[in-house]
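K.L.:
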Amino acid sequence: MRLAVASGKGGTGKSMVAANLAYTLSRSREVTLVDCDVEEPNLHLFYPAPAMTTDVTVPVPVVDEAVCDRCGQCAEVCQFGALTVLPERVLFFPELCHSCGGCRLICPGGAVREEPKRVGTVSVSTPLPNLTLVSGMLDAGDIHAVPVIRAAKKCAADSPLVICDSAPGTSCPVIETLDGCDACILVTESTPFGLHDLRLAVEVATGMGVPSGVVINRSDGEDRDTLEFCADKGLEVLMTIPFDREIAAIQSRGDLLSRVRPEWQAAFSDLFERCGRLAEGQP
Amino acid sequence: MKICITAKGATLESPVDERFGRAQYFIIIESDSGAFEAFQNPYVDGSGGVGPKAAQVLVSHDAKALVSGAVGGNAREVLSAAGIAMYTYRDGGSVRDAFDKFKAGALEHSG
């Protein structure tokens, strides 16, 4: 099973839920936790361990100026403005390139070849006997988050149980994370902003056909608007975590609620069972 | 010499569009005769990389100077490499006003 943890709004507790869910499950089975928030991965802070790190590269075009006759077809086919053909030479903007390979395919003279360009890394570690952590990390200043997420998920391709911790928002990195997942946990908080972004995140998950349920974190004890929204949309509230000073303290020192307070393991096990039913389309 | 002025319409009376890559029109004027042609910018709603693409339009039309409000980094790199001079116009007037000021040497040369 593949689970995604997403949210819409940042800072609602995605990583907290993902890290604790993985900890609880790893006590009885093998789990792979994938940090897909590659612009600011943080799961390694909860699970420090020596890691094997490999580069993630994307192919980018290199134009052989001696062969190129400046016909301009590569610039025309590029939908992202990454290539500009001047009378004397070709300019390339790597940060605009999406590595589609169109320029190489269309070049009639074969003047375009591809070279790998590093955009980030993937680190794999085993912080607990049953827990594998895969952390995608985008290089500072780079914008190609999607290939790093794809590479991180690929490392977990053979694992029977995968938890993907998504970036916040609703853009390409979130779509890439949700792609292929059996169910999605949407973590929200009892604030108008939390609810606003939950609405957007629900639309994304629904649009992608990934069944989703809601975890209310930092609950104010009432969650009136959130509960109303969930009831209206037919979304199951999978778990509620209170707004609690001790939980915040455990979290901020990089510890795990389910390790410090083992009684929470039952709640995270229950969350997992509910996710399983969601994935199978059962109420 | 051909100069390009970014515009919100297709005539010399149209207001100058202060954006470059997402300008509505490119008006290319032959500076000696004042004859002009207007081109709709195909990249006005493009998702990204519109600066270099718009710069490519100027290169294809053999423009030697650009008058616009603001030109982004990537477009600036293309225009510089192509030897197209950039001039800033932010007076909120028409293409004709920008053209007159360009001819009078009253516009700031920005690259």
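In the order they appear, the protein sequences are chains Z and P.
First residue of the first sequence: 1006, per my numbering; consecutive thereafter.
First residue of the second sequence: -19, per my numbering; consecutive thereafter.
Where a beta carbon is used, it is the ideal one built from N, C-alpha and C, also for glycine.
Under 8 angstroms: do the region 1096 to 1112 of chain Z and the region 72 to 79 of chain P share three or more Cβ pairs, one atom per stretch?
P.N.:
Contact fails: fewer than three Cβ-Cβ distances are below 8 angstroms.
K.L.:
Check the C-beta distance from Z/Ile1148 over to Z/Glu1181 and give it rounded, since I have them as a contact under 8 angstroms.
P.N.:
The pair is not a contact, with the Cβ atoms about 14 angstroms apart (cut-off 8 angstroms).
K.L.:
Could you tell me the distance, in whole angstroms, from the CA atom of Z/Arg1266 to the CA atom of Z/Pro1134?
P.N.:
If you take the alpha carbons of Z/Arg1266 and Z/Pro1134, they lie about 20 angstroms apart.
K.L.:
What residue does the beta strand (DSSP E) around Z/Asn1222 start on, and which one ends it?
P.N.:
Start and end: Ser1217 to Ser1224.
K.L.:
Taking the alpha-carbon positions, what's the P/Met66 to Z/Val1219 distance?
P.N.:
P/Met66 and Z/Val1219: Cα-Cα distance of roughly 53 angstroms.
K.L.:
When you compare the CB positions of Z/Gly1125 and Z/Val1043, do they come within less than 8 angstroms of one another, or not?
P.N.:
Yes, the Cβ-Cβ distance between Z/Gly1125 and Z/Val1043 is below 8 angstroms.
K.L.:
Hey, which unbroken runs of the alpha helix (DSSP H) at 4 residues or more fall wholly within the region 1169 to 1229 of chain Z?
P.N.:
As far as the region 1169 to 1229 of chain Z is concerned, its whole alpha helix (DSSP H) runs of at least 4 residues are 1177 to 1183 and 1197 to 1212.
K.L.:
Specify, as a first and last residue, the run of the beta strand (DSSP E) that P/Gln20 falls within.
P.N.:
Start and end: Phe16 to Gln20.
K.L.:
Beta carbons nearer than 9 angstroms to chain Z: which residues of the region 13 to 38 of chain P have them?
P.N.:
Answer set for the region 13 to 38 of chain P: Tyr23, Gly26, Ser27, Gly28, Gly29, Val30, Gly31, Pro32, Lys33, Ala34, Ala35 and Gln36.
K.L.:
Compute the distance between the beta-carbons of Z/Val996 and Z/Val1179, then report whether it is under 8 angstroms.
P.N.:
Since the displayed chain Z opens at 1006 and closes at 1288, residue 996 of chain Z lies outside it and no answer follows.
K.L.:
In terms of alpha-carbon separation, which member of Z/Leu1276, Z/Ser1164 and Z/Phe1198 lies closest to Z/Glu1035?
P.N.:
Nearest option by C-alpha distance: Z/Ser1164.
K.L.:
Looking only at C-alpha atoms, which of Z/Glu1070, Z/Asp1260 and Z/Arg1250 sits nearest to Z/His1049?
P.N.:
Comparing Cα positions, the closest option is Z/Asp1260.
K.L.:
Take Z/Ala1009 and list the residues in its own chain whose beta-carbon comes closer than 6 angstroms to its own, dropping the five residues that flank it on each side.
P.N.:
Excluding sequence neighbours, Z/Ala1009 sits near Cys1169, Ser1171, Thr1182, Leu1183, Cys1186 and Cys1189.
K.L.:
Quick one: Cα of Z/Phe1051 to Cα of Z/Leu1026, how far?
P.N.:
Those two C-alpha atoms are separated by around 12 angstroms.
K.L.:
Is Z/Arg1155 helix, strand or coil by DSSP?
P.N.:
It is helical.
K.L.:
Taking the beta carbon of P/Arg56 as the centre, do at least 16 other beta carbons fall within 10 Å, making it buried, or is it exposed?
P.N.:
Classification for P/Arg56: buried.
K.L.:
Between the region 1077 to 1088 of chain Z and chain P, which residues of the former have CB atoms less than 9 angstroms from a CB of the latter, in chain order?
P.N.:
Listed by position along the chain: Gly1077, Ala1080, Glu1081, Cys1083, Gln1084, Phe1085, Gly1086, Ala1087 and Leu1088.
K.L.:
Closer than 7 angstroms, Cβ to Cβ, to anything on chain P: give me those residues from the region 1101 to 1116 of chain Z, in chain order.
P.N.:
Answer set for the region 1101 to 1116 of chain Z: Leu1101.
K.L.:
Quick one, which residues of the region 47 to 60 of chain P are near chain Z if we go by CB-CB under 8 angstroms, in chain order?
P.N.:
The region 47 to 60 of chain P vs chain Z, Cβ under 8 angstroms: Asn54, Glu57 and Val58.
K.L.:
In the DSSP output, what is P/Ser48 paired with across the bridge?
P.N.:
Paired residues: P/Thr68.
K.L.:
Is Z/Trp1269 near Z/Leu1262, with beta carbons less than 8 angstroms apart?
P.N.:
Closer than 8 angstroms, so yes.
K.L.:
Quick one: what does DSSP say P/Ile9 is sitting in, helix, strand or coil?
P.N.:
P/Ile9 falls in the strand class under three-state DSSP.
K.L.:
Determine the extent of the alpha helix (DSSP H) in which Z/Lys1014 is found, giving its start and end residues.
P.N.:
Z/Lys1014 -> no alpha helix (DSSP H), and no H or E assigned at all.
K.L.:
P/Ala(-10) CB to nearest chain Z CB: under 8 angstroms?
P.N.:
So, not an interface residue.
K.L.:
What separation, rounded to the nearest whole angstrom, lies between the Cα atoms of Z/Ser1130 and Z/Met1057?
P.N.:
Spanning the two alpha carbons is a distance of roughly 6 angstroms.
K.L.:
According to DSSP, is Z/Leu1048 part of a helix, a strand, or is it coil?
P.N.:
In this structure, Z/Leu1048 counts as helix in the three-state DSSP scheme.
K.L.:
Taking C-beta pairs closer than 7 angstroms, name the residues in chain Z that P/Ala62 reaches, listed in chain order.
P.N.:
Residues of chain Z passing the Cβ test: Leu1091.
K.L.:
Taking three-plus beta-carbon pairs below 8 angstroms as touching, is the region 1057 to 1073 of chain Z in contact with the region 1195 to 1212 of chain Z?
P.N.:
As far as the Cβ criterion goes, the region 1057 to 1073 of chain Z does not touch the region 1195 to 1212 of chain Z, which means the pair count is below three.
K.L.:
Who does Z/Arg1007 pair with in a DSSP beta bridge?
P.N.:
Note: Z/Arg1007 sits in a beta bridge opposite Z/Val1167.
K.L.:
May I ask you to report which of helix, strand or coil DSSP gives P/Leu(-8)?
P.N.:
Here P/Leu(-8) sits in coil by DSSP.
K.L.:
Starting from Z/Ala1056, follow its DSSP beta bridges and name the residues at the other end.
P.N.:
The partner list for Z/Ala1056 (beta bridge, DSSP) reads Z/Ser1130.
K.L.:
Should Z/Phe1085 and P/Gly29 be called a contact, given that it needs their Cβ atoms to be closer than 8 angstroms?
P.N.:
Yes. Within cutoff.
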